[in-house]
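Visitor:
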Amino acid sequence: MPAILGTAERMTLVRPRLTDCYEVLVAQSDLDFAIPFLDEDIPLHVDPFLLWKSPSQQDQALHTAVTNSFNHLNFLLSHGRGSEARDTLIAASECAEVGLGHSKKRRGSRIGTTKADEILSLFSAIEEYSKGGFSHFEEIQLYVHGISKDRVSDICCSFLKSFLMDYTTQACEELGIPLVHVGVPATYDYRENRFVEDQRAWLPVNPETGAPILVVPRRWLRFNPWINFDEYYRDYCPFDDVFQPDEPRDPVRVLRYNRDHFGLVRDYIAVKERTQAECRNDPLFRQIPVSSAKRKLSTIRGLATGKADGADRKFEDATSQLLSSLLYPHLDFAAVQSRTDSGVLIRDLIFYNNRSLDFLDEIHADYGSRQIVFELKNVAEITRDHINQLNRYLDSGLGRFGVFVARHPLKKAMFKNTVDLWAGQRRCIIAVTDDDVALMVTLLEGRQRPPVDVLKKKYVEFRRACPS
Amino acid sequence: MNRAELDRFEKLVGQLESVYAELSLLSKKSPNDAVNPFKLRFVNTLLGASAVTLGSGYMPFTDFEQFDSDNVPQNSDVVFILSQYLQCFEKLRADNVVYRNGTWDWEIDAVGAEGVGDSGKVYVRSTRPKRLRD
Chain A
1 MPAILGTAER MTLVRPRLTD CYEVLVAQSD LDFAIPFLDE DIPLHVDPFL LWKSPSQQDQ
61 ALHTAVTNSF NHLNFLLSHG RGSEARDTLI AASECAEVGL GHSKKRRGSR IGTTKADEIL
121 SLFSAIEEYS KGGFSHFEEI QLYVHGISKD RVSDICCSFL KSFLMDYTTQ ACEELGIPLV
181 HVGVPATYDY RENRFVEDQR AWLPVNPETG APILVVPRRW LRFNPWINFD EYYRDYCPFD
241 DVFQPDEPRD PVRVLRYNRD HFGLVRDYIA VKERTQAECR NDPLFRQIPV SSAKRKLSTI
301 RGLATGKADG ADRKFEDATS QLLSSLLYPH LDFAAVQSRT DSGVLIRDLI FYNNRSLDFL
361 DEIHADYGSR QIVFELKNVA EITRDHINQL NRYLDSGLGR FGVFVARHPL KKAMFKNTVD
421 LWAGQRRCII AVTDDDVALM VTLLEGRQRP PVDVLKKKYV EFRRACPS
Chain B
1001 MNRAELDRFE KLVGQLESVY AELSLLSKKS PNDAVNPFKL RFVNTLLGAS AVTLGSGYMP
1061 FTDFEQFDSD NVPQNSDVVF ILSQYLQCFE KLRADNVVYR NGTWDWEIDA VGAEGVGDSG
1121 KVYVRSTRPK RLRD
């Protein structure tokens, strides 16, 4: 059973994820599900279309279940149980346990009764839906203002919550993430066609709040749903018919127009179904291509040291994008951090240490680094002050291993300074220079070795210089 | 040198030349790219065997034995070192061949019932030393 980190240790983690706080250190690329953050949402959404187009019978069946559950609202309406339909839709409109979307606190809000009634009115206003129901419930985006990708995702997850609970339990048991017998609010009972409050299940919980956490398969996630209003408005909307020649183009007007012109929506959906082969899930992290990496390297090489012409900012931007791609998938990128030390703005890159390589495991074991800090320094030379600043920052609980991303190698005296730090306090501070980044880019292009090996090389060189 | 050592010599030189040719191509294409750990392992195996055959007298460098994978050796590094070893193997060969009856032959020690020449040595056909001046 993995150990759970204490509150103080958790507080020091930048963008802590479920796996990190239970010391289950595994790379995102090795997992079938998206690792949820504890304090914020993953900026991706469940796209019901991915379930529909999936070759998996299970995914297709789940899509059918979601669609049936949504269309059951029509059944309720037609049997005079409108308030029950409204309550069900409102309950389905938020699924905080999955932590998808753009919330900074992993908490969203449900829709109000007005919005719920507006959605339900589609069943009565459009005959095709009244008779046949929806085949893709995300079409509601094309009729109702304020319904977008996060709401579609939440409705889908709410109707699938029972499945996601089983999936989460299984995934966490395989990884050894501790489970707690906890009550889950608003679980959809597919047999009763209603939400059940406080169903109990064995799930991982947020150690701070005790709230249950659900994980979602990566294959269901996209930044934007395949069927979405923005694309419809941009590429398929017949503006000449909807608006007068000099009339301002108000998207809400298009939504109203669609209610009276179901054929337009039907044609759009037909196109989207026809082009389903192009619909793929979005990765949680997208590596930049080699050509782009080379351009960024030449940008870095062409920059002068110092702050003139914003060179420091350009260096930091290019290096952030480059390193996060170069070190993937062995180190998952967590965040760019900004801090001020002695009146100087310092930017760092923070990576999760997945212990996916022997030397990363050593860094975790010897220096207690659950996350690795790369401090970006566009300076002519690293001075004693810079080393002290990074050393102080490591004191804040980030472990005892830090990396300078500098332009030139450390001067002899400064290198000795870092060796002395190791000898005295067992701190390891290494410097990655332009030449090392260039070697990383070469390795990325050649694909003979992973670029992260250059980091190991620098570490091994440093350790060889340390007294035995 | 006896026949068994000569066999080892020829096998090693053949392997080194083959690896050298392969890596030279890679080095010309991208000299700064790293050699992958799989290839590096076998290069190191060859270098280890070479050290035994060359002995301390013919080793190209006193402070180099093998590549360290942690140092991420590049194609050009490996090609450079292999060429040095090949030169030293050639030097060893040049010191052990003799010009005899119009041909260059290895002069090796006889083992067991091997037929010996006038000098009590066995002669095996070889080629002219590469760096011999006319």
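Just so you know, the sequences run in chain order A and B.
The numbering of the first sequence is our numbering, which starts it at 1 and goes up by one.
The numbering of the second sequence is our numbering, which starts it at 1001 and goes up by one.
Cβ atoms here follow ideal geometry from the backbone N, Cα and C, with glycine treated the same way.
With a cut-off of 8 angstroms, does the C-beta of residue 1051/B fall near any C-beta of chain A?
Guide: Position 51 of the second sequence, counting from 1, holds the residue named residue 1051/B. No, because no Cβ of chain A sits closer than 8 angstroms to the Cβ of residue 1051/B.
Visitor: If distances are taken between C-alpha atoms only, which option among 239/A, 385/A, 296/A, 442/A comes closest to residue 249/A?
Guide: Taking the first sequence and counting its residues from 1, the one referred to as residue 249/A is at position 249. Residue 239/A is the option with its Cα nearest to residue 249/A.
Visitor: Measure the alpha-carbon distance for residue 343/A versus residue 377/A and round it to whole angstroms.
Guide: Against the first sequence, residue 343/A aligns to sequence position 343. Against the first sequence, residue 377/A aligns to sequence position 377. Their Cα atoms are separated by approximately 15 angstroms.
Visitor: Output the boundary residues of the alpha helix (DSSP H) element that contains residue 428/A.
Guide: For the purposes of this step, residue 428/A is taken as residue 428 along the first sequence, with counting starting at 1. Note, residue 428/A: premise wrong, no alpha helix (DSSP H); beta strand (DSSP E) at 428-432.
Visitor: In the stretch 435-460 of chain A, which residues sit with their C-beta less than 9 angstroms from some C-beta in chain B, listed in chain order?
Guide: For the stretch 435-460 of chain A, which is checked against every Cβ of chain B, the residues closer than 9 angstroms are 438, 439, 442, 443, 445, 446, 447, 448, 449, 453, 454, 456, 457, 459, 460.
Visitor: Give me whichever residues DSSP pairs with residue 6/A in a beta bridge.
Guide: Counting from 1 along the first sequence, the entry for residue 6/A is found at position 6. Looking at the DSSP assignment, residue 6/A forms no beta bridge with any residue, so it has no partner.
Visitor: Checking contacts by CB at 8 angstroms: is residue 1078/B closer than that to chain A?
Guide: Here residue 1078/B is taken as the residue at index 78 of the second sequence, counted from 1. False, the Cβ-Cβ gap to chain A never drops below 8 angstroms.
Visitor: For the alpha helix (DSSP H) that contains residue 88/A, what are its first and last residues?
Guide: Here the question's residue 88/A lines up with position 88 in the first sequence. Here the alpha helix (DSSP H) through residue 88/A covers 82-92.
Visitor: Got a sec? Which residues, its chain only, sit under 7 angstroms from residue 1091/B by beta carbon, not counting five neighbours each side?
Guide: In the second sequence, counting from the first residue as 1, residue 1091/B sits at position 91. Answer for residue 1091/B: 1058, listed in chain order.
Visitor: For the stretch 325-339 of chain A against the stretch 25-33 of chain A, are there 3 or more C-beta pairs whose distance is under 8 angstroms?
Guide: Cβ pair count under 8 angstroms is three or more, so yes.
Visitor: What residues in its chain sit with their C-beta under 7 angstroms from that of residue 320/A, if we drop five residues either side in the sequence?
Guide: Working through the first sequence from its first residue, we reach residue 320/A at position 320. These residues qualify, in order along the chain: 336, 349.
Visitor: Strictly below 8 angstroms CB to CB, what residues from chain A border residue 1110/B?
Guide: Looking up residue 1110/B in the second sequence gives position 110. Neighbours of residue 1110/B on chain A: none; closest Cβ ~47 angstroms, over 8 angstroms.
Visitor: Would you kindly check if the distance between the Cβ of residue 431/A and the Cβ of residue 406/A is under 8 angstroms?
Guide: Here residue 406/A refers to the residue found at position 406 when the first sequence is read from its first residue. Here residue 431/A refers to the residue found at position 431 when the first sequence is read from its first residue. Going by C-beta atoms, residue 406/A is nearer than 8 angstroms to residue 431/A.
Visitor: Assign residue 149/A to one of two classes, buried (16 or more other C-beta atoms within 10 Å of its C-beta) or exposed (fewer than that).
Guide: Here residue 149/A is taken as the residue at index 149 of the first sequence, counted from 1. Looking at its Cβ environment, which holds 16 or more other Cβ atoms inside 10 Å, residue 149/A is buried.
Visitor: Expressed to the nearest angstrom, what Euclidean distance is found between the alpha-carbon atoms of residue 9/A and residue 354/A?
Guide: As a position in the first sequence, residue 9/A is number 9, starting the count at 1. As a position in the first sequence, residue 354/A is number 354, starting the count at 1. Cα to Cα, residue 9/A sits roughly 16 angstroms from residue 354/A.
Visitor: Thinking C-beta only, is residue 221/A closer than 8 angstroms to residue 165/A?
Guide: Here residue 165/A refers to the residue found at position 165 when the first sequence is read from its first residue. Here residue 221/A refers to the residue found at position 221 when the first sequence is read from its first residue. Against a cut-off of 8 angstroms, the Cβ pair of residue 221/A and residue 165/A comes out as no contact.
Visitor: Any heavy atom of the ligand GTP closer than 7 angstroms to the CB of residue 393/A?
Guide: No copy of the ligand GTP appears in this structure; indeed no ligand is present at all.
Visitor: Please list the terminal residues of the continuous alpha helix (DSSP H) segment that includes residue 14/A.
Guide: What you label residue 14/A is simply residue 14 of the first sequence in a count that begins at 1. Counting along the chain, residue 14/A falls outside any alpha helix (DSSP H), and DSSP gives it neither H nor E.
Visitor: Could you tell me whether the Cβ atoms of residue 218/A and residue 281/A are closer together than 8 angstroms?
Guide: As a first step, residue 218/A is located in the first sequence; it is residue number 218 there, counting from the start. As a first step, residue 281/A is located in the first sequence; it is residue number 281 there, counting from the start. Going by C-beta atoms, residue 218/A is nearer than 8 angstroms to residue 281/A.
Visitor: What's the C-alpha gap between residue 6/A and residue 21/A?
Guide: Here the question's residue 6/A lines up with position 6 in the first sequence. Here the question's residue 21/A lines up with position 21 in the first sequence. Straight-line Cα distance between these residues: approximately 8 angstroms.
Visitor: Report yes if the C-beta distance between residue 1060/B and residue 1034/B is below 8 angstroms; otherwise report no.
Guide: Indexing the second sequence from 1 puts residue 1060/B at position 60. Indexing the second sequence from 1 puts residue 1034/B at position 34. Their beta carbons are not under 8 angstroms apart, which means residue 1060/B does not touch residue 1034/B by this criterion.
Visitor: Do residue 99/A and residue 16/A count as a contact pair if the criterion is CB distance below 8 angstroms?
Guide: Against the first sequence, residue 16/A aligns to sequence position 16. Against the first sequence, residue 99/A aligns to sequence position 99. Cβ atoms of residue 16/A and residue 99/A: not closer than 8 angstroms.
Visitor: Indicate the three-state DSSP secondary structure (helix, strand or coil) for residue 1119/B in the structure shown.
Guide: Position 119 of the second sequence, counting from 1, holds the residue named residue 1119/B. Coil.
Visitor: Out of curiosity, what's the CA-to-CA distance linking residue 1066/B and residue 1028/B?
Guide: Translated into positions along the second sequence, residue 1066/B becomes position 66. Translated into positions along the second sequence, residue 1028/B becomes position 28. About 22 angstroms.
Visitor: Rounded to the nearest angstrom, what separates residue 134/A and residue 262/A at their Cα positions?
Guide: Position 134 of the first sequence, counted from the first residue, corresponds to residue 134/A. Position 262 of the first sequence, counted from the first residue, corresponds to residue 262/A. Computed Cα separation, rounded: 12 angstroms.
Visitor: With distance defined between alpha-carbon atoms, name the residue in 69/A, 264/A, 465/A, 227/A nearest to residue 276/A.
Guide: The count along the first sequence starts at 1 and reaches residue 276/A at position 276. The residue with the shortest Cα to Cα distance from residue 276/A is 227/A.
Visitor: My guess is that residue 323/A and residue 374/A are in contact by the Cβ rule of under 8 angstroms, so how many angstroms apart are they, rounded?
Guide: In the first sequence, the residue the question calls residue 323/A occupies position 323. In the first sequence, the residue the question calls residue 374/A occupies position 374. At roughly 6 angstroms, the Cβ-Cβ gap stays under 8 angstroms, so residue 323/A and residue 374/A are in contact.
Visitor: Answer with yes or no whether the minimum CB distance from residue 1044/B to chain A is below 8 angstroms.
Guide: Taking the second sequence and counting its residues from 1, the one referred to as residue 1044/B is at position 44. Answer no: the Cβ-Cβ gap between residue 1044/B and chain A never drops below 8 angstroms.
Visitor: Note down the Cα distance separating residue 132/A from residue 120/A, rounded to an integer number of angstroms.
Guide: Translated into the one-based positions of the first sequence, residue 132/A becomes position 132. Translated into the one-based positions of the first sequence, residue 120/A becomes position 120. Roughly 14 angstroms separates the two Cα atoms.
Visitor: Quick one: list the residues of chain A neighbouring residue 1070/B, beta-carbon separation under 7 angstroms, in chain order.
Guide: One-based indexing of the second sequence puts residue 1070/B at position 70. In chain order: 456, 457, 460.
Visitor: Can you tell me whether residue 1093/B is buried or exposed? The criterion is at least 16 other CB atoms within 10 Å of its CB, across all chains shown.
Guide: Taking the first residue of the second sequence as position 1, residue 1093/B is located at position 93. Residue 1093/B is buried by the Cβ-count criterion.
Visitor: For residue 352/A, which three-state DSSP category applies?
Guide: The count along the first sequence starts at 1 and reaches residue 352/A at position 352. Looking at residue 352/A - three-state DSSP - the assignment turns out to be strand.
Visitor: So with CB distances below 8 angstroms, who are the chain A contacts of residue 1033/B?
Guide: Indexing the second sequence from 1 puts residue 1033/B at position 33. The answer, in chain order, is 442, 443, 445, 446, 448.
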